[in-house]
Amino acid sequence: MAKEKIILTGDRPTGRLHIGHYVGSLRRRVELQNSGLYDKTFIFIADAQALTDNMDNPEKVRQNVIEVALDYLACGLDPTKSTIFIQSQIPELCELSFYYMDLVTVSRLQRNPTVKTEIQMRNFETSIPVGFFTYPISQAADITAFKATTVPVGEDQEPMIEQAREIVRRFNHIYGETLVEPEILLPDNAACLRLPGTDGKAKMSKSLGNCIYLSDSADEVTKKIKSMYTDPNHIRVEDPGQIEGNTVFTYLDAFCRPEHFDRYWNDYANLAELKAHYQRGGLGDMKVKKFLTAIMQEELEPIRTRRKEFEQDIPAIYDMLKKGCEVAREQAAQTLDEVRRAMKINYFDDAELIAEQARKFKAE
Ligand code: ATP
Ligand code: MG
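Quick note on numbering: the sequence shown equals residues 2 to 365 in our numbering.
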């Protein structure tokens, strides 16, 4: 039988989702979900992982679970096609993590560049919680419990997927072919790999407060784009402007399509022409920002409207999540059974083991 094609990915409930999540992973997931090319799709809200660096703020995590679920539904994730669940409700994931910890060294964890950056961002240098330090292992459990083949994520997740692949290879080498090695699926558009924040900082991130949220009102979006970071040396309109590192152009790279010029700015045929004018000089930031605003409103308006509809029935969303957890738990339990068998810790359902030992001790 051909190997099943399974998608798995998730988000931490540390805030509402933003356009970085959208271009980095969310938009792709919805396409994959609807493509009919995958046998199963699992999407989860990583609350246990969020607690590794928010242990003293459980209320924040609790309140954001529903926010993330609403963003999912608003973007088009469909519970009839995807299993949407909450990480902490699947205890099998903890057990898997515990066994995987034997397969990873401390120095290997210390080399993870994303975790290194995140430790700095959180000023954890002298007091790193063990749970935070080891979250790449728990992430490997999340992925492998569902035998995921395809993980659509942003570039910051590359070291996590690599770690998961190493764990799978080591597990299968020691205990026999059991787990499935996942493949990362990065956005094809370079601007979407790691969308910068509105302040021009390396990554739009809930923890940095530099986000345009999917649920922001039209006014908030307009205001945020107006004050966005551009080229600090582009002072007068006549000055030549720089595209590289100019957040407005990075967002245009991520969101602009040729038809947007027909609709909102027919002075140019395409993005290349617009960029060339900006680089030559004679084009002010405000005009470009206005264009970006029109594009963003067009993209976000339907999401905002759908979210409002889903917000009318919160109990139904919890029901949906509960059902998702049940399906996910069944799948994880099945993988855990196979893992226990492979690791030879399945004593009570191994009749052969008991019979053989009985014979051995009688003969002695
Ligand atoms: P936190 O600050 O709590 O870590 P976050 O904003 O980094 O939050 P995550 O929940 O860690 O969000 O990431 C969820 C998914 O979104 C991952 O697949 C990640 O790669 C992707 N992602 C997050 N931020 C960006 C971004 N700025 N550009 C592209 N993808 C992103
Ligand atoms: Mg993150």
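Glycine included, each C-beta is placed from N, C-alpha and C at the ideal position.
Keep in mind the model is a prediction, meaning the values are calculated, not measured.
CB-CB under 7 Å to residue i, same chain, minus the five flanking residues each way: which ones, in chain order?
{"i": "residue 100", "result": "340 and 344"}
{"i": "residue 26", "result": "10, 153, 154 and 155"}
{"i": "residue 129", "result": "120"}
{"i": "residue 281", "result": "241"}
{"i": "residue 123", "result": "54"}
{"i": "residue 187", "result": "156 and 194"}
{"i": "residue 247", "result": "231 and 232"}
Are residue i and residue j closer than 7 Å when you measure CB to CB?
{"i": "residue 145", "j": "residue 110", "result": "no"}
{"i": "residue 161", "j": "residue 138", "result": "no"}
{"i": "residue 78", "j": "residue 143", "result": "no"}
{"i": "residue 285", "j": "residue 238", "result": "yes"}
{"i": "residue 51", "j": "residue 69", "result": "no"}
{"i": "residue 17", "j": "residue 216", "result": "yes"}
{"i": "residue 46", "j": "residue 87", "result": "yes"}
{"i": "residue 199", "j": "residue 190", "result": "no"}
{"i": "residue 31", "j": "residue 76", "result": "yes"}
{"i": "residue 91", "j": "residue 330", "result": "yes"}
{"i": "residue 141", "j": "residue 158", "result": "no"}
{"i": "residue 257", "j": "residue 315", "result": "no"}
{"i": "residue 96", "j": "residue 40", "result": "no"}
{"i": "residue 166", "j": "residue 104", "result": "no"}
{"i": "residue 49", "j": "residue 98", "result": "no"}
{"i": "residue 219", "j": "residue 298", "result": "yes"}
{"i": "residue 178", "j": "residue 151", "result": "no"}
Following a CB-centred definition, is residue i positioned closer than 6 Å to any heavy atom of ligand 1?
{"i": "residue 12", "result": "yes"}
{"i": "residue 208", "result": "yes"}
{"i": "residue 205", "result": "yes"}
{"i": "residue 98", "result": "no"}
{"i": "residue 195", "result": "yes"}
{"i": "residue 218", "result": "no"}
{"i": "residue 37", "result": "no"}
{"i": "residue 40", "result": "no"}
{"i": "residue 132", "result": "no"}
{"i": "residue 154", "result": "yes"}
{"i": "residue 53", "result": "no"}
{"i": "residue 278", "result": "no"}
{"i": "residue 369", "result": "Past the edges of the chain, shown from 2 to 365, lies residue 369, and the structure says nothing about it."}
{"i": "residue 139", "result": "no"}
{"i": "residue 83", "result": "no"}
{"i": "residue 21", "result": "yes"}
{"i": "residue 157", "result": "yes"}
{"i": "residue 199", "result": "no"}
{"i": "residue 15", "result": "yes"}
{"i": "residue 128", "result": "no"}
{"i": "residue 177", "result": "no"}
{"i": "residue 283", "result": "no"}
Who are the near neighbours of residue i in its chain, counting only those whose CB is closer than 6 Å to its CB and skipping five residues on each side?
{"i": "residue 148", "result": "7 and 181"}
{"i": "residue 176", "result": "343 and 344"}
{"i": "residue 42", "result": "8, 34 and 83"}
{"i": "residue 254", "result": "192"}
{"i": "residue 133", "result": "53 and 54"}
Might you give, ordered along the chain, the residues of its own chain that have their beta carbon closer than 8 Å to the beta carbon of residue i, omitting 5 neighbours on each side?
{"i": "residue 251", "result": "192, 196 and 197"}
{"i": "residue 312", "result": "71"}
{"i": "residue 243", "result": "232, 234, 235 and 280"}
{"i": "residue 320", "result": "none"}
{"i": "residue 59", "result": "52"}
{"i": "residue 38", "result": "6"}
{"i": "residue 354", "result": "348"}
{"i": "residue 136", "result": "50, 53 and 116"}
I'd like to know if the stretch 268–277 and the stretch 219–228 are in contact, where contact means that at least 3 CB-CB pairs between them fall below 8 Å.
no
Using a Cβ distance threshold of 8 Å, determine whether the stretch 258–267 contacts the stretch 231–242, with at least three qualifying pairs required. no
| With a cut-off of 8 Å, do at least 3 Cβ pairs link the stretch 14–25 to the stretch 200–210? | yes
* To do: Say whether the stretch 49–65 touches the stretch 278–291, bearing in mind that this needs 3 or more beta-carbon pairs closer than 8 Å, one atom from each stretch.
  => no
- prompt: Curious, which full-length alpha helix (DSSP H) runs of at least 4 residues does the stretch 99–173 contain?
  reply: 107–111, 114–122, 131–134 and 136–146
task: Evaluate the contact criterion for the stretch 75–89 versus the stretch 316–336: three or more CB pairs, one atom per stretch, below 8 Å.
output: The stretch 75–89 is in contact with the stretch 316–336.
Exercise for review: Let me know the alpha helix (DSSP H) ranges lying completely inside the stretch 245–306, each 4 residues or longer, listed in chain order.
Suggested key: For the stretch 245–306, whole alpha helix (DSSP H) runs of length 4 or above, ordered along the chain, are 248–256, 259–265 and 272–281.
In chain order, each alpha helix (DSSP H) run of at least 4 residues that lies wholly inside the stretch 4–58:
28–36 and 48–52
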